[in-house]
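Q: Be aware that the sequence shown starts at 238, since it is given in the numbering used here, and climbs by one per residue.
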Amino acid sequence: GRRRRGGRYNQKQPKESLYSVALRHQKRRNYGAARRLFSMLVTSPEGDGQVDARVFVAWGRMESRLGNVGKARRVFAEGLRAEPENTHVIHAWAVEEMRENNLDDSRQLFEYGIEVAPEDGMLYQSYSLLEQRQNNVDKARSLLEAGVAADPTNVYLWSACGVFESKYGDPEAALRMFEQATVLDQKHCQTWQAYGVVLEKMGRYDEAASKFATAIQVNQLSVPTYQAYGLMEARRGRYEAARLLFAKGLQLDGTHAPILHAWARMEEEAGEYAKARELFNKGVEVDPMSVAMLKAWALMELRLGHIDSSNQWYVHSDMGKGRLGRMGERLEMLRRLVEQRTADDVKSVMQWLNRQKVYKERVLLSQIMQVGNRVPDGWTEGEEYSFRDNNRFNSGEVVVTRSGSAVSGRNGQPGLTFGRIM
């Protein structure tokens with residue numbers, strides 16, 4: 238029974254392409270390595286010596302995601318110089334300009350793409366989306382109609398037409414579009430899902446449930462479908478069915494913030510506030526910058542009387558990352574304070590409150606030590622105010638004083654009795 242040499246045991250595995258290696262580095266967030274490989278593939282192409290257009294598309298999109306918009310443009314431009322009629326490069330660049338709100342440039346690229354490849358439905362679909370965002374409804378519809386005429390077997394186009402008609406008030410037309418899409422491709426999960434959403438809006442719940450079930454049968458890993466199906470059941474008050482669907486979706490992807498948001502809102506509606514709070518907290522953990530998640534959580538706590546309506550709890554889309562992060566931290570501490578499941582919860586809250594107090598004192602101290610600043614509102618002459626961490630007032634920095642110098646505050650801490658502005 239000795240194993241023979243040769244055969245399948247000693248066969249060499251096919252060599253992995255550098256393009257595949259670059260994509261793997263990109264997926265692992267090794268962006269520097271991916272960039273070097275993409276650059277190498279442009280200057281020294283594999284195989285027949287001709288650059289693969291996929292390199293430009295993947296590289297440009299990576300730079301865009303990293304915020305390197307100028308670099309992304311240069312990559313797409315180089316791709317078009319290499320292959321002037323490659324619709325994948327044209328489309329990727331047009332979408333990039335649309336994302337950056339450079340609409341004239343985006344339109345020009347879409348028009349050029351349609352000129353060189355009038356049968357490419359993807360270009361019509363994305364171009365229509367641009368016009369929809371600008372509320373040019375007639376132009377958007379004409380683009381979709383032209384796309385369907387040019388590429389009548391494109392299931393994505395028919396599905397996009399259905400979504401469009403649903404959005405602009407013709408659900409019956411939307412259903413016809415979805416039906417055509419499912420005829421073309423019975424395994425297109427997104428179409429079945431969108432079909433179900435429109436039927437639910439029309440109040441045809443049993444038919445909608447059937448479409449959602451078909452979508453899941455077609456693709457059991459489609460987390461957005463579990464979310465959409467769960468939302469319908471939640472709106473119908475069928476909370477247990479919704480919980481099962483949301484839980485299944487999170488089992489597939491525990492970082493799917495939209496499901497956590499939807500489930501939390503349902504539990505709030507059902508009066509299960511502790512569960513809602515737990516789900517909101519998980520949602521903020523996976524997506525700390527989600528304005529919708531933070532706002533919904535804060536509004537629930539406001540309705541429950543746990544917070545007031547002051548600006549420190551107001552969540553809006555113009556908040557920066559730092560403020561959103563601090564809001565999430567405050568809500569997490571509030572959760573621990575409200576629930577107090579363990580002694581550690583209370584301890585964590587008290588430590589956090591103490592850190593906040595020290596932080597505010599440091600900011601305040603920094604402000605009053607700027608020559609010429611006013612005494613803060615509410616501070617009166619003859620009262621003593623002290624600060625922590627041995628902060629002292631140095632000569633030339635004190636803005637308000639008694640007898641011309643800083644004096645010791647209570648308990649031996651550095652302090653200052655406030656009188657007049659220097």
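We treat Cβ as the ideally placed atom computed from N, Cα and C, and that holds for glycine.
Would you report the Cα separation of Met469 and Lys404, rounded to the nearest angstrom?
A: On the sequence shown, position 232 is the one that residue 469 refers to. On the sequence shown, position 167 is the one that residue 404 refers to. Going by the C-alpha atoms only, they are around 18 Å apart.
Q: May I ask which residues mark the beginning and end of the alpha helix (DSSP H) holding Thr419?
A: Sequence index remark: in the sequence shown, residue 419 carries index 182 (1-based). Thr419: member of the alpha helix (DSSP H) spanning Pro408 to Leu421, first to last residue.
Q: Compare the C-alpha of Arg473 against each of Arg441, Pro495 and Asn456 and name the closest.
A: For the purposes of this step, residue 473 is taken as residue 236 along the sequence shown, with counting starting at 1. For the residues Arg441, Pro495 and Asn456, the minimum Cα distance to Arg473 belongs to Arg441.
Q: Please report whether the beta-carbon of Ala484 lies at a distance below 7 Å from any beta-carbon of chain D.
A: Although the question refers to chain D, the structure presented lacks it and comprises just one protein chain.
Q: Ends of the alpha helix (DSSP H) at Glu477?
A: Counting from one through the sequence shown, the residue named residue 477 turns up at place 240. Note, Glu477: alpha helix (DSSP H), Tyr476 to Leu489.
Q: If you reduce the DSSP assignment to three classes, tell me which class Lys558 lands in.
A: If you number the sequence shown from 1, residue 558 lands on position 321. Residue state, collapsed to three classes: helix.
Q: For Gly465 versus Met503, is the C-beta spacing smaller than 7 Å?
A: Start at 1 with the first residue of the sequence shown, and residue 465 comes out as number 228. Start at 1 with the first residue of the sequence shown, and residue 503 comes out as number 266. Reading the sequence as shown, one finds Ala at residue 465 and not Gly. Against a cut-off of 7 Å, the Cβ pair of Met503 and Ala465 comes out as no contact.
Q: Counting C-beta neighbours from all protein chains within 10 Å, is the total for Ala386 16 or more, i.e. buried, or is it exposed?
A: Numbered from its first residue, the sequence shown carries residue 386 at position 149. Per the 10 Å Cβ criterion, exposed.
Q: Kindly indicate the opening and closing residues of the alpha helix (DSSP H) around Leu366.
A: For the purposes of this step, residue 366 is identified with residue 129 of the sequence shown, where counting begins at 1. Gly358 to Arg370 is the extent of the alpha helix (DSSP H) around Leu366.
Q: So does the region 286–297 actually touch the region 310–317, counting three or more Cβ pairs closer than 8 Å?
A: Yes: at least three Cβ pairs fall under 8 Å.
Q: Could you tell me whether the Cβ atoms of Leu489 and Val460 are closer together than 7 Å?
A: Within the sequence shown, residue 489 is the residue found at index 252, counting from 1. Within the sequence shown, residue 460 is the residue found at index 223, counting from 1. For Leu489 and Val460, yes; Cβs fall inside 7 Å.
Q: If you measure between the beta carbons of Leu274 and Ala259, is that distance less than 7 Å?
A: Along the sequence shown, read from residue 1 onward, the residue named residue 274 stands at position 37. Along the sequence shown, read from residue 1 onward, the residue named residue 259 stands at position 22. It is a contact, given that the beta carbons lie within the stated cut-off.
Q: In whole angstroms, give me the CA-to-CA distance for Asp422 and Ala446.
A: For the purposes of this step, residue 422 is taken as the residue at position 185 of the sequence shown. For the purposes of this step, residue 446 is taken as the residue at position 209 of the sequence shown. In a straight line, the C-alpha of Asp422 is about 20 Å away from that of Ala446.
Q: Which of the three DSSP states, helix, strand or coil, is assigned to Thr462?
A: Reading the sequence shown from its first residue, position 225 is the one you call residue 462. Looking at Thr462 - three-state DSSP - the assignment turns out to be helix.
Q: Could you tell me if Val420 is buried or exposed, where buried requires 16 or more neighbouring beta carbons within 10 angstroms of its beta carbon?
A: In the sequence shown, the residue the question calls residue 420 occupies position 183. Exposed.
Q: Indicate whether Tyr393 and Phe415 have their beta-carbon atoms separated by less than 7 Å.
A: Sequence index remark: in the sequence shown, residue 393 carries index 156 (1-based). Sequence index remark: in the sequence shown, residue 415 carries index 178 (1-based). No, the pair does not count as a contact, with Cβ atoms beyond the cut-off.
Q: Going by the CB atoms, is the gap between Gly350 and Asn391 shorter than 7 Å?
A: For this step, residue 391 is matched to residue 154 along the sequence shown. For this step, residue 350 is matched to residue 113 along the sequence shown. Not a contact, by the Cβ cut-off of 7 Å.
Q: Helix or strand or just coil, what does DSSP make of Thr280?
A: The residue given as residue 280 occupies position 43 in the sequence shown. Thr280 falls in the helix class under three-state DSSP.
Q: Within its chain, find whatever has a CB closer than 7 Å to the CB of His493; leave out the 5 residues flanking it on each side and keep chain order.
A: Taking the sequence shown and counting its residues from 1, the one referred to as residue 493 is at position 256. Cβ contact annotation for His493 (same chain, cutoff 7 Å, sequence separation greater than five): Val460, Gly486 and Leu487, in chain order.
Q: Is it buried or exposed, Ala511, if we count other Cβ atoms within 10 angstroms and call 16 or more buried?
A: Locating residue 511 in the sequence shown gives position 274, counting from the first residue. With fewer than 16 Cβ atoms within 10 Å of its Cβ, Ala511 is classed as exposed.
Q: Take Glu334 and list the residues in its own chain whose beta-carbon comes closer than 7 Å to its own, dropping the five residues that flank it on each side.
A: By one-based count along the sequence shown, residue 334 stands at place 97. So the qualifying residues of the chain are Asp342, Ser343 and Leu346.
Q: Considering Ser301, what are the terminal residues of the alpha helix (DSSP H) in which it resides?
A: Against the sequence shown, residue 301 aligns to sequence position 64. Element bounds for Ser301: Ala290 to Arg302.
Q: Is Met526 closer than 7 Å to Leu561 when the C-beta atoms are compared?
A: As a position in the sequence shown, residue 561 is number 324, starting the count at 1. As a position in the sequence shown, residue 526 is number 289, starting the count at 1. Closer than 7 Å, so yes.
Q: Using beta-carbon positions only, say whether Ala507 and Tyr476 come within less than 7 Å of one another.
A: Taking the sequence shown and counting its residues from 1, one reaches residue 507 at position 270. Taking the sequence shown and counting its residues from 1, one reaches residue 476 at position 239. In contact: Ala507 and Tyr476 (Cβ atoms closer than 7 Å).
Q: Do Ser365 and Leu381 have their beta-carbon atoms positioned less than 7 Å apart in this structure?
A: Position 144 of the sequence shown, counted from the start, is the residue given in the question as residue 381. Position 128 of the sequence shown, counted from the start, is the residue given in the question as residue 365. Result yes, Cβ atoms of Leu381 and Ser365 sit closer than 7 Å.
Q: Whole angstroms are fine: how far does the CA of Gly316 sit from the CA of Val552?
A: Walking along the sequence shown from the start, residue 552 turns up at place 315. Walking along the sequence shown from the start, residue 316 turns up at place 79. Using only the alpha carbons, I get a separation of about 42 Å.
Q: What residue from Tyr268, Asn267, Pro282 and Gly269 has the CA that sits closest to Ser254's CA?
A: Your numbering for residue 254 matches position 17 in the sequence shown. Of all alpha-carbon atoms in Tyr268, Asn267, Pro282 and Gly269, the one lying nearest the alpha-carbon of Ser254 is that of Pro282.
Q: In chain order, which beta strand (DSSP E) runs of at least 3 residues are fully inside the region 518–545?
A: none
Q: Out of Ser379, Gln417 and Trp429, which one is the CA nearest neighbour of Val455?
A: Residue mapping note: residue 455 aligns to position 218 of the sequence shown, counting from 1. Of Ser379, Gln417 and Trp429, the residue nearest in Cα terms is Trp429.
Q: For Asp388, which of helix, strand or coil comes out of DSSP?
A: Your numbering for residue 388 matches position 151 in the sequence shown. DSSP places Asp388 in coil when its eight states are reduced to three.
Q: Does DSSP put Thr492 in a helix, in a strand, or in coil?
A: Taking the first residue of the sequence shown as 1, we reach residue 492 at position 255. Coil.
Q: Kindly list the residues whose CB is nearer than 7 Å to the CB of Lys558, restricted to its own chain and excluding five residues on each side of it in sequence; keep chain order.
A: By one-based count along the sequence shown, residue 558 stands at place 321. Same-chain partners within the cutoff: Met526.
Q: For Gly467, which three-state DSSP category applies?
A: Taking the sequence shown and counting its residues from 1, one reaches residue 467 at position 230. Helix, per DSSP.
Q: Would you check if the distance between the CB atom of Arg572 and the CB atom of Asn518 is smaller than 7 Å?
A: By 1-based counting over the sequence shown, the position of residue 572 is 335. By 1-based counting over the sequence shown, the position of residue 518 is 281. Yes, these two residues count as a Cβ contact at 7 Å.
Q: Pick from Gly384, Leu340, Gln369 and Ser379: whose alpha carbon is nearest that of Glu356?
A: Working through the sequence shown from its first residue, we reach residue 356 at position 119. With distances taken between Cα atoms, Glu356 lies closest to Gly384.
Q: Check this for me: beta carbons of Met530 and Gly542, under 7 Å apart or not?
A: Translated into the one-based positions of the sequence shown, residue 530 becomes position 293. Translated into the one-based positions of the sequence shown, residue 542 becomes position 305. No, the Cβ-Cβ distance between Met530 and Gly542 is not below 7 Å.
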